[in-house]
Amino acid sequence: MLLPREFVTYIGRRIMQRLVPGMIDTAVPQRVAEISADMFLQELTAEDRLNDEVRAILDDYADYMRKEGVSYQEMFRRSKNTLIAQRKMVRASGRDTGDAMKLSRDKVTDISHKLVAALKKSRELRLKRDVNEIRLEIIKVVTEILSSEEKVDRAARDKVRSIKRDIPEGSEEWDLLHQRYYTEELKKLGIDFAR
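Here it is as structure tokens:
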């Protein structure tokens, strides 16, 4: 998944903090965080399932691709783009669309529409402001968080690369060090998944 589950939960809590009580009236503020996190998880896991489907398709054509000298990455990209267009999905990965953030701006906007619809449907909540105003606030919150996350990820990667011996990216050691530095950098910004 593009974002760790803990980070998605954090996004849900931040949305709740920004929307309740100013824009949403509820006796159960935690419900806003739950609905928000669930929406993000649904959208991100949908793209994960699509990636798995593309991998399964390409596994069937591995011999053909090897014989013809076709790049796996290129075929993956083309196949995924075709499925995204057929299913009218919004691409989640921002880096695939040129955005610096992990989630594309289009995906954040798409999720904001779906999230406001879900919040509006909930019987436990009452929207106090215009739907579009709430949606724009959600986009603002998520964009701020993702911009911070991008800086944290870059700093963690730089720390791993600064180690004197060569640690190959993707190795278990690299992943462990990246996770440790990533968590340290998040805490410097005041982002703690436990809160």
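Following our numbering, the residues of the sequence shown are numbered contiguously, the last one being 195.
Glycine residues also receive a C-beta, built at the ideal position from the N, C-alpha and C atoms.
For this session: Measure from the alpha carbon of N132 to the alpha carbon of each residue in L125, E124, K120 and T143, then state which is nearest.
Result: Counting from one through the sequence shown, the residue named residue 132 turns up at place 132. It is K120.
Problem set entry | Given S104 as reference, the closest of Q86, T143 and G69 once Cα atoms are compared | Residue numbering aside, residue 104 sits at position 104 when the sequence shown is read from its first letter. Checked all of Q86, T143 and G69; the closest Cα to S104 is T143.
For this session: Pull up the distance between the alpha-carbon of Y72 and that of A46, whole angstroms please.
Result: Against the sequence shown, residue 72 aligns to sequence position 72. Against the sequence shown, residue 46 aligns to sequence position 46. Approximately 22 Å, taken between the alpha carbons.
Exercise. Are at least three pairs of beta-carbons, each pair with one atom in the stretch 114-129 and one in the stretch 56-65, less than 8 Å apart?
Worked result: no
Exercise. Does DSSP put L2 in a helix, in a strand, or in coil?
Worked result: Locating residue 2 in the sequence shown gives position 2, counting from the first residue. Here L2 sits in coil by DSSP.
Problem set entry | Length at least 4, wholly inside the stretch 9-61: the alpha helix (DSSP H) runs in chain order | 30-60
Exercise. Under a three-way DSSP split, which group does R126 fall into?
Worked result: In the sequence shown, the residue the question calls residue 126 occupies position 126. Looking at R126 - three-state DSSP - the assignment turns out to be strand.
Problem set entry | Distance between beta carbons of L136 and K102, contact taken as under 8 Å | The residue labelled residue 102 in the question sits at position 102 within the sequence shown. The residue labelled residue 136 in the question sits at position 136 within the sequence shown. That pair is no contact at about 21 Å.
For this session: Could you check the C-alpha separation between M89 and R78 for me, to the nearest Å?
Result: Along the sequence shown, read from residue 1 onward, the residue named residue 89 stands at position 89. Along the sequence shown, read from residue 1 onward, the residue named residue 78 stands at position 78. One C-alpha to the other measures close to 15 Å.
For this session: Pull up the CB-CB distance for V32 and L44, whole angstroms please, since I reckon it's below 8 Å.
Result: Here the question's residue 32 lines up with position 32 in the sequence shown. Here the question's residue 44 lines up with position 44 in the sequence shown. Not quite, the Cβ-Cβ distance comes to about 19 Å (not below 8 Å), so this is no contact.
For this session: Tell me, please, which residues DSSP counts as bridged to L103.
Result: Translated into positions along the sequence shown, residue 103 becomes position 103. Beta-bridge pairing links L103 to S93.
Exercise. CB of N132 to nearest heavy atom of the ligand MG: below 6 Å?
Worked result: Among the components of this structure there are no ligands whatsoever, and the ligand MG is therefore not found.
Problem set entry | Local Cβ density within 10 Å of G190, reported as buried at 16 or more and exposed below that | Here residue 190 corresponds to residue number 190 of the sequence shown, with the count starting at 1. G190 comes out exposed.
Exercise. D175 lies in the alpha helix (DSSP H); which residues open and close that run?
Worked result: Start at 1 with the first residue of the sequence shown, and residue 175 comes out as number 175. Per DSSP, D175 belongs to the alpha helix (DSSP H) from E172 to K188.
Problem set entry | Residue from G69, S36, Q30 and F76 whose Cα sits closest to the Cα of L50 | Residue 50 sits at position 50 when you count from the first residue of the sequence shown. Comparing Cα positions, the closest option is F76.
Exercise. Taking C-beta to C-beta, are V152 and L186 nearer than 7 Å?
Worked result: In the sequence shown, the residue the question calls residue 152 occupies position 152. In the sequence shown, the residue the question calls residue 186 occupies position 186. Yes. Within cutoff.
Exercise. From T26, A37 and L2, pick the residue whose C-alpha is nearest to that of R13; which is it?
Worked result: Translated into positions along the sequence shown, residue 13 becomes position 13. The residue with the shortest Cα to Cα distance from R13 is A37.
For this session: Figure out for me which residue from I163, R165 and M1 has the closest Cα to the Cα of Q42.
Result: Counting from 1 along the sequence shown, the entry for residue 42 is found at position 42. For the residues I163, R165 and M1, the minimum Cα distance to Q42 belongs to M1.
For this session: Buried or exposed for L115, please, with buried defined as at least 16 other CB atoms from any protein chain shown within 10 angstroms of its CB.
Result: Start at 1 with the first residue of the sequence shown, and residue 115 comes out as number 115. Buried, since its Cβ has 16 or more Cβ neighbours within 10 Å.
Exercise. Around the C-beta of V28, are 16 or more other C-beta atoms found within 10 angstroms, so that it is buried, or is it exposed?
Worked result: In the sequence shown, residue 28 corresponds to position 28, counting from 1. The residue is exposed, with fewer than 16 neighbouring Cβ atoms inside 10 Å.
Exercise. H113 to Y64, Cα distance in whole Å?
Worked result: Taking the sequence shown and counting its residues from 1, one reaches residue 113 at position 113. Taking the sequence shown and counting its residues from 1, one reaches residue 64 at position 64. If you draw a straight line from the Cα of H113 to the Cα of Y64, it comes to about 42 Å.
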